[in-house]
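Taking it in order: structure first as structure tokens, then the write-up.
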Amino acid sequence: MRIATYNVNGVNGRLPVLLRWLAETAPDVVCLQELKAPDEKFPEAAIRDAGYGAIWHGQKSWNGVAILAKGCDPVETRRGLPGDPDDSHSRYIEAAVGGVLVGGLYLPNGNPRPGPKFDYKLRWFDRLIDHAATLIGMDAPVVIAGDYNVMPTDRDVYKPERWRDDALFAPEVKAAYFRMLGQGWTDALRTLHPDETIYTFWDYFRNAYARNAGLRIDHLLLNAPAAKTLRAAEVDSYVRGWEKTSDHAPVWVELGT
DNA sequence: ATGCCTTTTAGGAAAAGA
């Protein structure tokens, strides 16, 4: 089973790119982030015509997450993280697909730092870690995938010194990421490619993609039953080179299940 | 050092993204 995550940066503006990528690579499960569309504007028909069932949690203008499943409907198990009933952002959705529990997330950016947006990022990350603690020990494979908005190490940034004060590279945020890994999650991409330069995001400007001035911020975290069957993990970097493309590229894992 | 692009909403300009 191939499970992917893709921050599309506007699901309607990006629909041709998304449909082309689905047709060319046929992933079994896809977590989407930054739909930038309310629930009623989600392109359900086009995605169904492409062969995918879907659940989504939209929001006007910003945020928004979805889970697609090839040839079936994801069975929703949760939308939104527990721990803050006043959180109005659509940033987490979770479903069972083919015996795998899949969480799709869009972690807050957190800039500028310091400030209320950064505080929100840290609180949101804490809530994610609390929820992840309830999933890590499941007997079934669990994959928590999405845009974590954190580069875990210097190796995940084209120029680390330029990002020292940024909310995506702040010590508190990296610490939260490693606290989550400490529960027993496997960072699939880094585990299979320990020494490679791998990015999942490139700015639209400064010719960032052509210069490979990127960041690795989209991650797939696997619990032990999922990690045991991990066969491959890759970035579909070439999609970043398409016309009218997102600033993120799709990232995926292949599990033996 | 910098949102230098891009999307969204809205019908011009501004917010947000990373």
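For the first sequence, UniProt numbering assigns the number 1 to the initial residue and increments by one for each residue that follows.
C-beta atoms are modelled at their ideal positions from N, C-alpha and C, and glycine is treated no differently.
Mapping DSSP to helix, strand and coil, what is residue i?
i, result
"glycine 104", "strand"
"alanine 132", "helix"
"isoleucine 144", "strand"
"alanine 233", "strand"
"proline 70", "First, the residue type needs correcting, since residue 70 is lysine and not proline in the sequence shown. Lysine 70: strand per DSSP, three-state reduction."
"leucine 81", "coil"
"threonine 245", "coil"
"arginine 127", "helix"
"arginine 164", "coil"
"arginine 2", "strand"
"phenylalanine 118", "helix"
"lysine 228", "coil"
"aspartate 86", "coil"
If distances are taken between C-alpha atoms only, which option among the options comes closest to residue i?
i, options, result
"methionine 1", "Val65, Val30, Glu243 and Tyr177", "Val30"
"methionine 138", "Arg113, Glu40, Ala226 and Lys121", "Ala226"
"arginine 240", "His248, Ala233 and Glu234", "His248"
"alanine 37", "Leu22, Lys174 and Trp56", "Trp56"
"histidine 131", "Ala46, Val102, Leu168 and Ala233", "Val102"
"alanine 233", "Gln33, Gly115 and Thr200", "Thr200"
"residue 259", "Arg211, Ser246 and Pro141", "Residue 259 is absent from the model: the chain starts at 1 and stops at 257."
"tryptophan 21", "Met180, Pro250, Leu255 and Gly83", "Pro250"
"tryptophan 136", "Asn111, Tyr177, Asp154 and Gly184", "The amino acid occupying residue 136 in the given sequence is isoleucine; tryptophan does not appear at that position. Checking every option, the nearest Cα to that of isoleucine 136 belongs to Gly184."
"aspartate 154", "Lys117, Pro27, Leu215 and Cys72", "Leu215"
"alanine 23", "Val65, Asn7, Gly13 and Lys70", "Lys70"
"glycine 53", "Arg190, Lys244 and Pro74", "Pro74"
Specify, as a first and last residue, the run of the alpha helix (DSSP H) that residue i falls within.
i, result
"aspartate 156", "Premise fails: aspartate 156 is in no alpha helix (DSSP H) and is neither H nor E."
"phenylalanine 178", "171-181"
"alanine 23", "15-25"
For residue i, list the residues DSSP reports as bridge partners.
i, result
"glycine 214", "Trp202"
"asparagine 7", "Gln33"
"histidine 193", "Partner(s): none; histidine 193 has no beta bridge."
"tyrosine 209", "Per DSSP, none; premise fails for tyrosine 209."
"valine 65", "Gln33 and His57"
"threonine 186", "Leu222"
"tyrosine 52", "Lys70"
"glutamate 76", "Ala95"
Starting from residue i, trace the beta strand (DSSP E) in both directions and tell me its first and last residue.
i, result
"tyrosine 238", "Premise fails: tyrosine 238 is in no beta strand (DSSP E) and is neither H nor E."
"leucine 255", "251-255"
"alanine 95", "92-97"
Rounded to whole angstroms, how far is the Cβ of residue i from the Cβ of residue j, which I believe are closer than 8 Å?
i, j, result
"residue 314", "arginine 113", "This structure gives no information on residue 314, because the portion of the chain shown stretches from 1 to 257."
"leucine 220", "valine 253", "5 Å"
"isoleucine 129", "isoleucine 93", "Not a contact, Cβ separation roughly 18 Å."
"alanine 213", "tyrosine 158", "4 Å"
"asparagine 111", "arginine 91", "No, asparagine 111 and arginine 91 are not in contact; Cβ-Cβ is about 16 Å, not under 8 Å."
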